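*Asks:*
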Amino acid sequence: MASPEGELFAKFLKCELCNTDFKDPKLLDCLHTFCEKCIAKSNTESAGQHVVCPKCQLSTDTRHGLTDNHFLSALSTLSGIKNLAKKSPQAVKCHDCILGDDKQSAVCICVVCLQPMCNVDKNAHVKHFADHSYISIQDLSAKNLLEIISKNIFCSRHPHQVGAAICTDCNQILCQQECIVSHQECKVSREFQTILAENKQNLNSLMFKSVDIIAEIKSTIQLHGKRKRDAERSLQLLEATIDMEFSYIFKVLQDRKLEMLSKAKQEYQPTIDEIVEESKVLFRKMKALSDANQFCQLVIDSNYSPSLPYVSKCYTELANFSNIPDYGFIPEYKFCVDRTLRTTVSCLGKLTHVRGVSPSVSSKILPLVDNPMKPLAIAFDGIDKLYVFDKQEDMIKVLTEKLEILTEYNVQFGVGQVSLSASKNYLFVCLHEENIVKVFTTEGVLFCDLEGGTAGEKHLFDFTDNFAGMVCGKDGHVLIADSGNNRVQVFTPELKFSHFIGELFEAGALRRPVDVSVNSQSQVAVLHWANPCINLYTLKGVILSQFGTLLGSIELSLPVKLSFLTSDKLIVLDYKSQNLSMYSADRQFLTRYENILPLSVNNIPSLAPGNQGNLYFCEPSSGQIMLYNKFVFL
Numbered sequence: 001m002a003s004p005e006g007e008l009f010a011k012f013l014k015c016e017l018c019n020t021d022f023k024d025p026k027l028l029d030c031l032h033t034f035c036e037k038c039i040a041k042s043n044t045e046s047a048g049q050h051v052v053c054p055k056c057q058l059s060t061d062t063r064h065g066l067t068d069n070h071f072l073s074a075l076s077t078l079s080g081i082k083n084l085a086k087k088s089p090q091a092v093k094c095h096d097c098i099l100g101d102d103k104q105s106a107v108c109i110c111v112v113c114l115q116p117m118c119n120v121d122k123n124a125h126v127k128h129f130a131d132h133s134y135i136s137i138q139d140l141s142a143k144n145l146l147e148i149i150s151k152n153i154f155c156s157r158h159p160h161q162v163g164a165a166i167c168t169d170c171n172q173i174l175c176q177q178e179c180i181v182s183h184q185e186c187k188v189s190r191e192f193q194t195i196l197a198e199n200k201q202n203l204n205s206l207m208f209k210s211v212d213i214i215a216e217i218k219s220t221i222q223l224h225g226k227r228k229r230d231a232e233r234s235l236q237l238l239e240a241t242i243d244m245e246f247s248y249i250f251k252v253l254q255d256r257k258l259e260m261l262s263k264a265k266q267e268y269q270p271t272i273d274e275i276v277e278e279s280k281v282l283f284r285k286m287k288a289l290s291d292a293n294q295f296c297q298l299v300i301d302s303n304y305s306p307s308l309p310y311v312s313k314c315y316t317e318l319a320n321f322s323n324i325p326d327y328g329f330i331p332e333y334k335f336c337v338d339r340t341l342r343t344t345v346s347c348l349g350k351l352t353h354v355r356g357v358s359p360s361v362s363s364k365i366l367p368l369v370d371n372p373m374k375p376l377a378i379a380f381d382g383i384d385k386l387y388v389f390d391k392q393e394d395m396i397k398v399l400t401e402k403l404e405i406l407t408e409y410n411v412q413f414g415v416g417q418v419s420l421s422a423s424k425n426y427l428f429v430c431l432h433e434e435n436i437v438k439v440f441t442t443e444g445v446l447f448c449d450l451e452g453g454t455a456g457e458k459h460l461f462d463f464t465d466n467f468a469g470m471v472c473g474k475d476g477h478v479l480i481a482d483s484g485n486n487r488v489q490v491f492t493p494e495l496k497f498s499h500f501i502g503e504l505f506e507a508g509a510l511r512r513p514v515d516v517s518v519n520s521q522s523q524v525a526v527l528h529w530a531n532p533c534i535n536l537y538t539l540k541g542v543i544l545s546q547f548g549t550l551l552g553s554i555e556l557s558l559p560v561k562l563s564f565l566t567s568d569k570l571i572v573l574d575y576k577s578q579n580l581s582m583y584s585a586d587r588q589f590l591t592r593y594e595n596i597l598p599l600s601v602n603n604i605p606s607l608a609p610g611n612q613g614n615l616y617f618c619e620p621s622s623g624q625i626m627l628y629n630k631f632v633f634l
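By full-length UniProt numbering, the letter at position 459 of the sequence shown is numbered 459, and the numbering carries on one by one without gaps.
The structure is reproduced here in structure tokens:
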């Protein structure tokens with residue numbers, strides 16, 4: 001077993017950078033010690049006013065130079081002499097002997113100067129340094145180095161001089177000469193033994209506290225290790241989940257691919273087989289006609305008259321052959337295949353957040369257990385807030401984009417159908433049964449009731465069909481689908497009536513407009529209930545186009561809701577077919593989502609486009625608010 005002194009030597013008497021005995025050891029502020037040259041090599045990029053500890057990265061000011069580690073320097077010197085004396089006491093030579101190369105063997109060592117001396121030099125040394133003490137070389141090998149060095153109290157500047165005082169300003173032990181020369185203006189105390197005892201007591205106290213600190217740090221490191229392992233496990237689980245999800249997606253795509261290929265083969269293969277068979281028949285007839293041509297030519301050249309009548313009759317029938325089948329245009333299915341594939345890929349999107357009462361728990365629907373609501377209508381302010389009318393509590397609730405509740409307003413509308421729309425300044429609430437549109441501030445304070453056009457009529461608005469789509473344009477205009485009066489009413493940003501869109505006897509006249517939306521170019525899309533289609537107008541009411549009419553597979557049957565996304569793509573919710581259709585910004589049909597949710601005529605869903613292509617979907621029948629994250633149709 002290694003001795004404590006050996007362990008001390010191994011740990012403290014070798015530089016950790018060069019792994020050799022110390023040469024000019026320097027003590028840093030962090031109490032780590034390295035050779036002076038090693039510190040310089042490891043701090044080549046420092047500015048010269050500080051060095052960074054290579055071990056713990058703490059900085060030490062070097063403007064007044066680095067502090068010598070006299071303690072380790074003395075230990076290193078004594079350790080070298082002691083190791084040499086253990087091998088052979090005669091091998092230790094006198095440090096001060098000047099008898100040429102033949103130095104005398106040392107008989108003792110000065111405990112203060114840490115220099116081996118012969119008898120002659122020892123006698124001379126005693127005359128100059130009467131207060132120094134000595135130990136023989138024979139006794140050195142049996143002594144503990146710490147016992148020897150503990151008797152030394154020498155000057156911090158002059159290691160060969162015994163300490164006589166201590167400078168409390170500089171924290172240095174001084175010899176008599178140093179007190180007079182360099183520390184005349186400092187506070188110097190001769191009671192350095194008392195001060196050293198206080199320093200030792202302070203060190204002991206700090207070391208005792210450091211035990212608790214070390215234990216706390218160790219506990220923190222262990223906790224960090226546990227957190228690291230937990231994070232690694234979570235990462236592995238997430239990676240496995242992602243792999244599983246993508247495997248599922250690829251499987252769905254692969255199955256869809258096989259299904260589409262099978263369908264295409266079923267569509268085309270009979271035609272191909274028929275063409276092949278007919279081609280074989282035609283080839284045989286062509287060969288027969290060619291052979292007949294050659295035979296007839298031979299008969300004509302030979303002038304063999306007995307055969308001419310019969311040959312002429314047969315050739316006439318062959319030459320008049322005209323029943324070559326005409327297959328016409330074979331339809332190309334590229335668009336249909338692409339559209340089906342787009343729908344397949346789009347349907348792989350997932351619902352990221354759901355608030356409300358959920359009938360069941362699944363991986364795609366997250367029910368709000370702690371705050372259930374019965375959402376009836378929804379609106380997004382175009383910035384970062386979502387407004388929801390909670391029918392169960394008769395309140396307006398303000399939510400974040402991630403469906404987290406911010407605040408609530410008690411409105412007391414009572415039962416009945418309600419529609420919402422919002423801008424950065426106002427919230428618009430349409431009460432269908434009362435034919436009123438109320439305007440609230442974003443703080444929930446009633447601002448006014450909108451006064452529609454054509455004053456003098458019994459009702460300025462007529463929402464008797466339970467439909468009242470509203471939208472706030474980016475420029476502040478408010479548009480309301482006045483379904484009972486067969487028109488859209490337009491209001492200025494100051495909430496004053498401006499004009500109608502789609503009035504009777506005008507171009508683009510409307511029949512039961514049920515919803516309205518505005519794109520980034522201020523084009524107005526209006527849904528018809530009685531005439532299933534979409535009219536597109538300018539904001540001033542000029543008709544631009546009509547689409548979604550009876551065009552086979554892309555027709556609308558009973559559209560009830562529409563909304564422009566931020567990309568200007570238009571989504572339309574069809575009540576009869578329970579589909580969600582998508583049109584491009586240039587009004588071309590893109591795709592269709594089938595069986596989105598079961599619809600009820602008394603609980604028409606609400607759509608609200610969010611930021612970055614997100615879509616909020618409020619379905620009152622199931623009591624859910626769903627966020628389609630990045631709702632992108634290819």
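Positions of the beta carbon are idealized from the N, C-alpha and C atoms, including for glycine. All values derive from a computational prediction rather than experimental measurement.
Using three-state DSSP, classify Cys347 as helix, strand or coil.
*Replies:* In the sequence shown, the residue the question calls residue 347 occupies position 347. Residue confidence for Cys347 is low, a pLDDT of 36 falling below 50, so the modelled location carries little weight; the figure read from the coordinates is stated next. Looking at Cys347 - three-state DSSP - the assignment turns out to be coil, as it is neither helix nor strand.
*Asks:* Tell me the residue span of the alpha helix (DSSP H) that contains Cys38.
*Replies:* In the sequence shown, counting from the first residue as 1, residue 38 sits at position 38. Here the alpha helix (DSSP H) through Cys38 covers Glu36 to Ser42.
*Asks:* With 16 other CB atoms within 10 Å as the buried threshold, where does Thr33 fall?
*Replies:* In the sequence shown, residue 33 corresponds to position 33, counting from 1. Buried is the call here.
*Asks:* Please classify Asp515: does DSSP put it in a helix, a strand, or coil?
*Replies:* Here residue 515 refers to the residue found at position 515 when the sequence shown is read from its first residue. Asp515: strand per DSSP, three-state reduction.
*Asks:* Give the C-beta separation of Ile501 and Gly541 to the nearest angstrom, bearing in mind that I take them to be a contact with Cβ-Cβ under 8 Å.
*Replies:* Your numbering for residue 501 matches position 501 in the sequence shown. Your numbering for residue 541 matches position 541 in the sequence shown. Confirmed, Cβ separation roughly 4 Å.
*Asks:* Tell me, which residues are paired with Ala525 by DSSP?
*Replies:* Translated into the one-based positions of the sequence shown, residue 525 becomes position 525. BP columns for Ala525 point to Ser517 and Leu536.
*Asks:* To the nearest angstrom, how far is the alpha carbon of Glu408 from that of Ile396?
*Replies:* Counted from its first residue, the sequence shown places residue 408 at position 408. Counted from its first residue, the sequence shown places residue 396 at position 396. Glu408 and Ile396: Cα-Cα distance of roughly 6 Å.
*Asks:* Am I right that Val514 and Val471 are in contact with their C-beta atoms under 8 Å? What's the rounded C-beta distance?
*Replies:* As a position in the sequence shown, residue 514 is number 514, starting the count at 1. As a position in the sequence shown, residue 471 is number 471, starting the count at 1. Going by Cβ atoms, the distance from Val514 to Val471 rounds to 13 Å, so no, they are not a contact pair.
*Asks:* Would you call the CB atoms of Trp522 and Asp482 closer than 8 Å?
*Replies:* To locate residue 522, count along the sequence shown from 1; it is residue 522. To locate residue 482, count along the sequence shown from 1; it is residue 482. Residue identity check: residue 522 is Ser in the sequence provided, not Trp. Not in contact: Ser522 and Asp482 (Cβ atoms no closer than 8 Å).
*Asks:* Below 8 Å, how does it come out for the segment 70-78 and the segment 35-44: are there three or more Cβ pairs, yes or no?
*Replies:* Counting Cβ pairs under 8 Å, fewer than three are found: no touch.
*Asks:* Which residue or residues does DSSP assign as beta-bridge partners of Cys430?
*Replies:* The count along the sequence shown starts at 1 and reaches residue 430 at position 430. Answer is Ser419 and Val437, bridged to Cys430.
*Asks:* Use the C-beta contact count for Phe461: other C-beta atoms within 10 angstroms, 16 or more gives buried, fewer gives exposed.
*Replies:* Counting from 1 along the sequence shown, the entry for residue 461 is found at position 461. Buried.
*Asks:* Could you compute how far the alpha carbon of Gln417 sits from the alpha carbon of Cys430?
*Replies:* On the sequence shown, position 417 is the one that residue 417 refers to. On the sequence shown, position 430 is the one that residue 430 refers to. Their backbone Cα atoms lie some 8 Å apart in a straight line.
*Asks:* Span of the alpha helix (DSSP H) holding Ser73?
*Replies:* One-based indexing of the sequence shown puts residue 73 at position 73. From DSSP, the alpha helix (DSSP H) with Ser73 extends over His70 to Lys87.
*Asks:* What does the alpha-carbon distance come out to for the pair Arg227 and Val211?
*Replies:* Here the question's residue 227 lines up with position 227 in the sequence shown. Here the question's residue 211 lines up with position 211 in the sequence shown. Roughly 24 Å between the two C-alpha positions.
*Asks:* In angstroms with no decimal places, state the Cα-to-Cα distance between residue 708 and Phe246.
*Replies:* Residue 708 falls outside the range modelled here, since the chain spans only 1 to 634, and no answer is possible.
*Asks:* Counting C-beta neighbours from all protein chains within 10 Å, is the total for Phe208 16 or more, i.e. buried, or is it exposed?
*Replies:* Looking up residue 208 in the sequence shown gives position 208. Exposed, since its Cβ has fewer than 16 Cβ neighbours within 10 Å.
*Asks:* Which word fits Thr400, buried or exposed, when buried means at least 16 other C-beta atoms lie within 10 angstroms of its C-beta?
*Replies:* On the sequence shown, position 400 is the one that residue 400 refers to. The residue is exposed, with fewer than 16 neighbouring Cβ atoms inside 10 Å.
*Asks:* Name the DSSP beta bridge partners of Lys26, please?
*Replies:* Numbered from its first residue, the sequence shown carries residue 26 at position 26. Lys26 pairs with Phe34 and Asp68.
*Asks:* DSSP on Pro605, reduced to helix/strand/coil?
*Replies:* Within the sequence shown, numbered from 1, the residue matching residue 605 stands at position 605. Coil, per DSSP.
*Asks:* Measure the alpha-carbon distance for Leu556 versus Gly548 and round it to whole angstroms.
*Replies:* Here residue 556 corresponds to residue number 556 of the sequence shown, with the count starting at 1. Here residue 548 corresponds to residue number 548 of the sequence shown, with the count starting at 1. Near 6 Å, if we compare the C-alpha coordinates of Gly548 and Leu556.
*Asks:* Going by CA-CA distance only, name the one from Tyr575, Asn531 and Val516 that's closest to Leu539.
*Replies:* Against the sequence shown, residue 539 aligns to sequence position 539. Nearest of Tyr575, Asn531 and Val516 to Leu539, Cα basis: Val516.
*Asks:* Measure the alpha-carbon distance for Leu607 versus Ile221 and round it to whole angstroms.
*Replies:* As a position in the sequence shown, residue 607 is number 607, starting the count at 1. As a position in the sequence shown, residue 221 is number 221, starting the count at 1. Roughly 51 Å between the two C-alpha positions.
*Asks:* Asn119 lies in the beta strand (DSSP E); which residues open and close that run?
*Replies:* Sequence index remark: in the sequence shown, residue 119 carries index 119 (1-based). First-last for Asn119: Asn119 to His128, but that is the alpha helix (DSSP H), not the beta strand (DSSP E).
*Asks:* Along the chain, where does the beta strand (DSSP E) that runs through Asp449 open and close?
*Replies:* Your numbering for residue 449 matches position 449 in the sequence shown. Leu446 to Asp449 is the extent of the beta strand (DSSP E) around Asp449.
*Asks:* Assuming contact is defined by CB atoms lying nearer than 8 Å, are Leu420 and Tyr616 in contact in what I supplied?
*Replies:* Looking up residue 420 in the sequence shown gives position 420. Looking up residue 616 in the sequence shown gives position 616. Result no, Cβ atoms of Leu420 and Tyr616 do not sit closer than 8 Å.
*Asks:* Tell me whether Asp243 is buried or exposed, calling it buried when 16 or more other Cβ atoms sit within 10 Å of its Cβ.
*Replies:* Numbered from its first residue, the sequence shown carries residue 243 at position 243. Looking at its Cβ environment, which holds fewer than 16 other Cβ atoms inside 10 Å, Asp243 is exposed.
*Asks:* Rounding to the nearest angstrom, what Cα-Cα distance links His477 and Asp586 in this structure?
*Replies:* Working through the sequence shown from its first residue, we reach residue 477 at position 477. Working through the sequence shown from its first residue, we reach residue 586 at position 586. C-alpha separation (whole angstroms): 23 Å.
*Asks:* How is Gln138 classed by DSSP in three states: helix, strand or coil?
*Replies:* Here residue 138 refers to the residue found at position 138 when the sequence shown is read from its first residue. Gln138: helix per DSSP, three-state reduction.
*Asks:* Measure from the alpha carbon of Ile604 to the alpha carbon of each residue in Ser498, Ala468 and Gln412, then state which is nearest.
*Replies:* Working through the sequence shown from its first residue, we reach residue 604 at position 604. The shortest C-alpha separation from Ile604 is found at Ala468.
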